[in-house]
Amino acid sequence: MELIRSRGGVMRAVLTVLGTGAVILLAATVPNALMALKPFIQKRRGKVNERSLERVIQRLKGRRMVEFVTHNRKTVLQITESGRKRLREFEFEQMKLALPKPWDGKWTIILFDIPEYKKTARDALRRKLQQLGCCQYHRSVFVHPSDCADEVDFIAELFNVERHVIHFRTPSLGNQEYRVRKFFRALT
């Protein structure tokens, strides 16, 4: 296992573990009670330094991303709504679209008509779709061979433009399909 070196890596690992619904029971009297979290993180992310983990937990608690809650004399470490939001941001940064193997022969078409007053969100959406490997078919039309509806919905919701974005699957792109096929062949 490799050592998680960056503070952000440990923070992401802690939020991921807590975000997946893991409930960490801590005994309030046990020294280094936060180390109860360590096996969960090592299982998902690799080895972690104990001092680093303690600092990250305290930092997350200070930022109100995690909290200690006592139920029936047991202390539980849990993620807060603020922590869930940060976890979604981590997921957004790490998001990738894989080319499907085998391909089902259908294309996902992503269309958007975002008003001028949301120009920043429109440009960010366009950049993210390009970063994910979507082919820009027209200025506000992107194509990808995978069924990426969940990813597109997530991005649109994050930019608060979900009512301006639609997507659908289709078996054909008409007489211009060769352009998109050429684009994706260049990626493989």
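So that you can map any letter, position 43 of the sequence shown is 383 in the numbering used here, and since no number is skipped, the others follow by simple counting. Cβ atoms here follow ideal geometry from the backbone N, Cα and C, with glycine treated the same way.
ask   = Between residue 421 and residue 427, what straight-line distance do the alpha-carbon atoms span, to the nearest angstrom?
value = Start at 1 with the first residue of the sequence shown, and residue 421 comes out as number 81. Start at 1 with the first residue of the sequence shown, and residue 427 comes out as number 87. Approximately 10 angstroms between the Cα atoms of the pair.
key: Contact between the stretch 442-458 and the stretch 490-505 (3+ Cβ pairs under 8 angstroms)   = yes
ask   = Expressed to the nearest angstrom, what Euclidean distance is found between the alpha-carbon atoms of residue 403 and residue 349?
value = Position 63 of the sequence shown, counting from 1, holds the residue named residue 403. Position 9 of the sequence shown, counting from 1, holds the residue named residue 349. Each residue's Cα considered, the two are about 17 angstroms apart.
inquiry  = Bridge partners for residue 481 per DSSP, in chain order?
reply    = In the sequence shown, the residue the question calls residue 481 occupies position 141. In the DSSP output, where bridge partners are listed per residue, residue 481 has 451 and 478.
ask   = In this structure, does DSSP put residue 499 in helix, strand or coil?
value = Here residue 499 corresponds to residue number 159 of the sequence shown, with the count starting at 1. Coil.
key: Rounded C-alpha distance that separates residue 414 from residue 434   = For the purposes of this step, residue 414 is taken as the residue at position 74 of the sequence shown. For the purposes of this step, residue 434 is taken as the residue at position 94 of the sequence shown. Roughly 35 angstroms between the two C-alpha positions.
task = Rank 429, 412 and 408 by C-alpha distance to the C-alpha of residue 419 and give the top, closest one.
result = Translated into positions along the sequence shown, residue 419 becomes position 79. Measuring from the Cα of residue 419, the nearest candidate turns out to be 408.
ask   = What number of angstroms, rounded off, separates the C-alpha of residue 449 from the C-alpha of residue 405?
value = Taking the first residue of the sequence shown as position 1, residue 449 is located at position 109. Taking the first residue of the sequence shown as position 1, residue 405 is located at position 65. Roughly 36 angstroms separates the two Cα atoms.
key: Coarse secondary structure for residue 417, derived from DSSP in three states   = Here the question's residue 417 lines up with position 77 in the sequence shown. Reduced to three states, the DSSP call for residue 417 is strand.
key: Which of helix, strand or coil DSSP assigns to residue 525   = Translated into the one-based positions of the sequence shown, residue 525 becomes position 185. Looking at residue 525 - three-state DSSP - the assignment turns out to be helix.
task = Determine the contact status of residue 437 and residue 472, defining contact as a CB-CB distance below 8 angstroms.
result = Here residue 437 is taken as the residue at index 97 of the sequence shown, counted from 1. Here residue 472 is taken as the residue at index 132 of the sequence shown, counted from 1. Contact: yes.
query = Is the distance from the Cβ of residue 358 to the Cβ of residue 417 below 8 angstroms?
reply = Taking the sequence shown and counting its residues from 1, one reaches residue 358 at position 18. Taking the sequence shown and counting its residues from 1, one reaches residue 417 at position 77. Closer than 8 angstroms, so yes.
task = May I ask which residues mark the beginning and end of the beta strand (DSSP E) holding residue 403?
result = By 1-based counting over the sequence shown, the position of residue 403 is 63. Premise fails: residue 403 is in no beta strand (DSSP E) and is neither H nor E.
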